[in-house]
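Peer 1: Chains as they are written, first to last, in this note's numbering: chain A, 172 to 285; chain B, -12 to 104.
Every residue gets a Cβ at the ideal spot worked out from N, C-alpha and C, and that includes glycine.
First, the structure itself, so that you have it in front of you.
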């Protein structure tokens, strides 16, 4: 069973602080990784993608990937109340028949407190 | 940006009836669309991959005769839940990948919340 694991939270973060979210995956063949944000009752929205080891920054978001440790993380700097949502980690296999077939974690709920 | 539209956003039906959900890519062509289901407090689970002009491929444990998928054009895929029962009540979400792109960067529809009484 290919799995993506996340802490369910909730992760409570003061406004302006850094939120740190972690994700591990079991499929060593996974090549692409994504972070989606999902507000309650809404569908997911892509916020970051990362394909190679290291860090990738986009605005207040930084994704980190370590394929040797099968670990993906997301940092949210200067957290805002509007960042309060569930963050889903997803992985995609490396073969053509896996493209687009994302394996999602259960999500980490983030609550940013004013 | 790429927009994926789902309809209806909410549907309530009686047990035993069939419900059709539409997924449209509004400003791009999608040769492949994916249907997910999400129960409360749980992750998205892939149900099937919908390919334009061919039969859908279903994930293990998903009944193809119960969840009928049709991908008639490059911008439209439909999911029909046949003979719905209360346990089929869930949040159904479609996603699409731009034609010609080999990436997992999917664009999601708004989701359809199905309640079966």
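Whose C-alpha, out of 202/A, 260/A, 248/A and 223/A, is nearest the C-alpha of residue 184/A?
Peer 2: 248/A
Peer 1: So, do the segment -1 to 12 of chain B and the segment 88 to 104 of chain B have three or more beta carbon pairs nearer to each other than 8 Å?
Peer 2: yes
Peer 1: Between 27/B, 54/B, 6/B and 14/B, which lies nearest to residue 35/B when the distance is taken from Cα to Cα?
Peer 2: 54/B
Peer 1: Taking Cβ positions, are residue 251/A and residue 262/A nearer each other than 7 Å?
Peer 2: no
Peer 1: Measure the Cβ-Cβ separation of residue 83/B and residue 94/B and say whether it is below 7 Å.
Peer 2: yes
Peer 1: Taking only beta carbons into account, state which residues of the segment 29 to 42 of chain B come closer than 9 Å to chain A, listed in chain order.
Peer 2: 29, 30, 31, 32, 33 and 36
Peer 1: Compute the beta-carbon to beta-carbon distance between residue 10/B and residue 64/B, rounded to the nearest angstrom, for a pair I have assumed lies under 8 Å.
Peer 2: 5 Å
Peer 1: Considering residue 25/B, what are the terminal residues of the beta strand (DSSP E) in which it resides?
Peer 2: 19 to 25
Peer 1: Using a Cβ-Cβ cut-off of less than 8 Å, give me the residues of the segment 215 to 227 of chain A that come near chain B, in sequence order.
Peer 2: 215, 216, 217 and 220
Peer 1: So residue 99/B and residue 25/B are supposed to be a Cβ contact under 8 Å. How far apart are they, rounded?
Peer 2: Going by Cβ atoms, the distance from residue 99/B to residue 25/B rounds to 11 Å, so no, they are not a contact pair.
Peer 1: What does the alpha-carbon distance come out to for the pair residue 38/B and residue 187/A?
Peer 2: 44 Å
Peer 1: By how many angstroms is the C-alpha of residue 5/B removed from the C-alpha of residue 232/A?
Peer 2: 42 Å
Peer 1: Which stretch, first to last residue, makes up the beta strand (DSSP E) that contains residue 54/B?
Peer 2: Where residue 54/B is concerned, the enclosing beta strand (DSSP E) starts and stops at 54 to 60.
Peer 1: Using the C-alpha atoms, what's the distance from residue 79/B back to residue 151/A?
Peer 2: Because residue 151/A is not part of the residues shown, which for chain A are 172 to 285, the question remains open.
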